[in-house]
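Protein chains: 2
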Amino acid sequence: MTSSEPALFCVDWGTSSFRAYLASLEGKILERNFSGGGILSLAKGEHEEALAGALAEWIAKYGPLPILMSGMIGARQGWVEVPYAQCPAGSKEVAAAIVTIESRRLGPIGLVPGVCAIDRDGSPDVMRGEETQIFGALAAMDRSEGAFVLPGTHSKWARVEEGRIQSFATYMTGEVFAALKDHTILGRLMEGASESSDGFAEGVRAASRLERPGDILHAIFMTRTLGLFDRLEPGQLPDYLSGLLIGAELQSGARGASGAIVIGSPELTARYCAAGGILGLALEPAPEDCAPLGQLALLACRRKA
Amino acid sequence: MTSSEPALFCVDWGTSSFRAYLASLEGKILERNFSGGGILSLAKGEHEEALAGALAEWIAKYGPLPILMSGMIGARQGWVEVPYAQCPAGSKEVAAAIVTIESRRLGPIGLVPGVCAIDRDGSPDVMRGEETQIFGALAAMDRSEGAFVLPGTHSKWARVEEGRIQSFATYMTGEVFAALKDHTILGRLMEGASESSDGFAEGVRAASRLERPGDILHAIFMTRTLGLFDRLEPGQLPDYLSGLLIGAELQSGARGASGAIVIGSPELTARYCAAGGILGLALEPAPEDCAPLGQLALLACRRKA
Numbered sequence: 000m001t002s003s004e005p006a007l008f009c010v011d012w013g014t015s016s017f018r019a020y021l022a023s024l025e026g027k028i029l030e031r032n033f034s035g036g037g038i039l040s041l042a043k044g045e046h047e048e049a050l051a052g053a054l055a056e057w058i059a060k061y062g063p064l065p066i067l068m069s070g071m072i073g074a075r076q077g078w079v080e081v082p083y084a085q086c087p088a089g090s091k092e093v094a095a096a097i098v099t100i101e102s103r104r105l106g107p108i109g110l111v112p113g114v115c116a117i118d119r120d121g122s123p124d125v126m127r128g129e130e131t132q133i134f135g136a137l138a139a140m141d142r143s144e145g146a147f148v149l150p151g152t153h154s155k156w157a158r159v160e161e162g163r164i165q166s167f168a169t170y171m172t173g174e175v176f177a178a179l180k181d182h183t184i185l186g187r188l189m190e191g192a193s194e195s196s197d198g199f200a201e202g203v204r205a206a207s208r209l210e211r212p213g214d215i216l217h218a219i220f221m222t223r224t225l226g227l228f229d230r231l232e233p234g235q236l237p238d239y240l241s242g243l244l245i246g247a248e249l250q251s252g253a254r255g256a257s258g259a260i261v262i263g264s265p266e267l268t269a270r271y272c273a274a275g276g277i278l279g280l281a282l283e284p285a286p287e288d289c290a291p292l293g294q295l296a297l298l299a300c301r302r303k304a
Numbered sequence: 000m001t002s003s004e005p006a007l008f009c010v011d012w013g014t015s016s017f018r019a020y021l022a023s024l025e026g027k028i029l030e031r032n033f034s035g036g037g038i039l040s041l042a043k044g045e046h047e048e049a050l051a052g053a054l055a056e057w058i059a060k061y062g063p064l065p066i067l068m069s070g071m072i073g074a075r076q077g078w079v080e081v082p083y084a085q086c087p088a089g090s091k092e093v094a095a096a097i098v099t100i101e102s103r104r105l106g107p108i109g110l111v112p113g114v115c116a117i118d119r120d121g122s123p124d125v126m127r128g129e130e131t132q133i134f135g136a137l138a139a140m141d142r143s144e145g146a147f148v149l150p151g152t153h154s155k156w157a158r159v160e161e162g163r164i165q166s167f168a169t170y171m172t173g174e175v176f177a178a179l180k181d182h183t184i185l186g187r188l189m190e191g192a193s194e195s196s197d198g199f200a201e202g203v204r205a206a207s208r209l210e211r212p213g214d215i216l217h218a219i220f221m222t223r224t225l226g227l228f229d230r231l232e233p234g235q236l237p238d239y240l241s242g243l244l245i246g247a248e249l250q251s252g253a254r255g256a257s258g259a260i261v262i263g264s265p266e267l268t269a270r271y272c273a274a275g276g277i278l279g280l281a282l283e284p285a286p287e288d289c290a291p292l293g294q295l296a297l298l299a300c301r302r303k304a
């Protein structure tokens, strides 16, 4: 077996998504399979069968291979709860905390732990899966420090120094957006996305004018009044709210840094980079496949240890 | 007829509540009837019958009397749309903009307009009903200036000078709380209210430590992690989120003022006053029945004009 042959199934298994990668030992991603469901769609005891089903074709073709998984699959509501590694945590600390379970059908499966941190106020914060993506971005970009943002339902902002995640904070931006749009009066005047991106830019600029933390509880109401007074079209209103929330997140998450590396879907990454441009923050997209690249980096660490 | 006899039906008809008051000309509230539904429960064309039904007993007893109404009943989605009066607006300006409709069943009905304003950022804001409550509080407290907060689904903060509402801002605090509790992950660990008020105070204190507008998108996530790490009991989590949002609202709404007069339900007023105490803001409850007292003040203005 050469180092470019299939050697590992890398699985990034989150709340609402399942992403499997066929990787070689030298760190090449050979094939991708995003066909499974997130852990929210499964009950306790159903994970092994779901994973076997999702990997069946690869196993038939390449035989059983070691499996490494990261993400919410290691949470209390996942397959097996894997205790968090504590910040500051680099790939060494996280690799050392990988838990291996034996599946009768699938053989040994490594579960990457999440990471926990105590924030500026002494409150705990947690991530599962994003730490692995950050290690992947560090490896792919040959870096050992920087600010990272992983936008999404729960965006994560992390500071990395000397290859270790020093601290991070969760922002509920995506979930707040959805709750406000679908479950408050703000959704009433909204229509599907318009072609114009004016609404988004307007929202980001509104965020840049906020002064106090509570100001945003007022500013979001403008999503309604700007529609009522015909200052924005119904199709621009969702973008306005999105720009307002993302703009506020960026200014809080960056906390004086001049920029950050964005690890996310192409669509969300573009949205964050556009907001950064308006706010004078240099946001730079990370390479693709950060999750399996991070898992491979953890594996390399484990082999060295 | 003496001035203490029943002379007027005052109706404060909002989105989710209907409150009718039997008033004398000298400004006494003689009876109350809160039995009807809010305008959200009615379709176009159903308001006259609903009002006739709610007032039937009083009309049978005291005969038909003039009716004055304020609140969302004068909105586009209400009975008849009454154009907003523009800030700065005192009882004189608002009284002059009352629209009177003729009901075949009920006789003349006065509809108090809402008030609109342009906020610090040039964005429009609107209220309907709260302006009348503020005029009622001014009359009952014999004041002509101050900061006023009307907590609720959409809290309003208003500045009054020389008897006129100079400016105001809406905060979606109550609706944001409900959307986060019922439609995000934050509700998952929550249980019904606990006896202890520690969670609320903890939330208010967390709000006082926020620095940037976007910080609140992070701080609300602590409602989950403080539960996950057993730092707060499940029964304290709703109070924590409530304290966080109300605390943030207070610091933004007060904007450097040393206090404000609170016009609201006894329960919400107590909650806001408690948060004010923690933040060093002197919040003082307004007298009861501000809505009909405000309508009587508007009527007195109209008679003088």
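From first to last, the protein sequence lines are chains V and A.
Using numbering that gives the first Met the number 0, read the first sequence as starting at 0 and increasing by one per residue.
Using numbering that gives the first Met the number 0, read the second sequence as starting at 0 and increasing by one per residue.
Backbone N, C-alpha and C define an ideal beta-carbon position, used for all residues, glycine too.
None of the values given here were measured: they were computed from a predicted structure.
Partner residues in the beta bridge of A:Q85, as assigned by DSSP, are A:C115. Not flagged as an interface residue toward chain V: A:G13, since no C-beta distance is shorter than 7 Å. Distance from the Cα of V:A88 is smallest, within the candidate group V:A247, V:S3, V:M126 and V:L209, for V:M126. Below 8 Å, enough C-beta pairs join the region 165 to 177 of chain A and the region 175 to 188 of chain V to call them touching: three or more. For V:P123, the chain A residues whose Cβ falls inside 9 Å of its Cβ are M221, T224, L225, L227, F228 and R230, in order along the chain. No Cβ of chain V is located within less than 7 Å of the beta carbon of A:R127. Under the three-state reduction of DSSP output, A:P286 falls in the coil class, being neither helix nor strand. By a beta-carbon distance limit of 8 Å, V:G213 contacts A:A247. Their separation comes to about 3 Å. Under the three-state reduction of DSSP, V:P291 is assigned to helix. Counting C-beta atoms within 10 angstroms of its own C-beta, V:F33 has fewer than 16 neighbours from the protein chains shown and is therefore classed as exposed.
Going by beta carbons, A:A256 and A:A146 fall inside the 7 Å limit. Following the DSSP letters along the chain, one finds A:T268 inside the alpha helix (DSSP H) bounded by residues P265 to L278.
Under the Cβ criterion of 7 Å, V:T99 is not counted among the residues facing chain A. The three-state secondary structure of A:L216, taken from DSSP, is helix. When 9 Å is used as the limit between beta carbons, V:Q165 is near no residue of chain A, the shortest such separation being about 16 Å. Contact annotation: V:V261 and V:V159 have beta-carbon atoms that are not nearer than 7 Å.
The alpha-carbon of A:G36 is positioned some 15 Å away from that of A:G44.
Residue environment for A:S241: buried (at least 16 other C-beta atoms within 10 angstroms of its C-beta). When the five nearest sequence neighbours on each side are left out, the beta carbons in the same chain lying within less than 7 Å of the beta carbon of V:Q85 are those of C115, in order along the chain. V:V203 and V:L278 do touch by the CB rule: their CB atoms are close to 7 Å apart, below 8 Å. The beta carbons of A:D124 and V:T224 sit closer together than 7 Å. Our two residues, V:M140 and V:M221, have alpha carbons roughly 40 Å apart in a direct line. With distances taken between CA atoms, A:G70 lies nearest to A:P291 out of A:A304, A:L298 and A:P291. A Cβ-Cβ contact shorter than 7 Å links A:L39 with A:S15. Among the residues of the region 273 to 299 of chain A, none has a Cβ less than 8 Å away from any Cβ of chain V. Contact with chain V is absent for A:Q235, since none of that chain's Cβ atoms lies less than 7 Å from the residue's Cβ. Taking CB atoms only, V:D238 has no neighbour in chain A less than 7 Å away. If you compare the alpha carbons of V:A296, V:A55 and V:A218 with that of A:V175, the shortest gap goes to V:A218. Between the C-alpha atoms of A:A6 and A:P65 there is a straight-line separation of about 7 Å. Listed along chain V are G213 and L216, each with a C-beta nearer than 7 Å to that of A:E248. A distance below 7 Å separates the beta carbons of A:F134 and A:G293. In the structure shown, A:Q250 falls within a helical segment according to DSSP collapsed to helix, strand and coil.
The shortest C-alpha to C-alpha distance from A:A42 to any of A:A53, A:R75, A:R31 and A:G252 is the one to A:R75.
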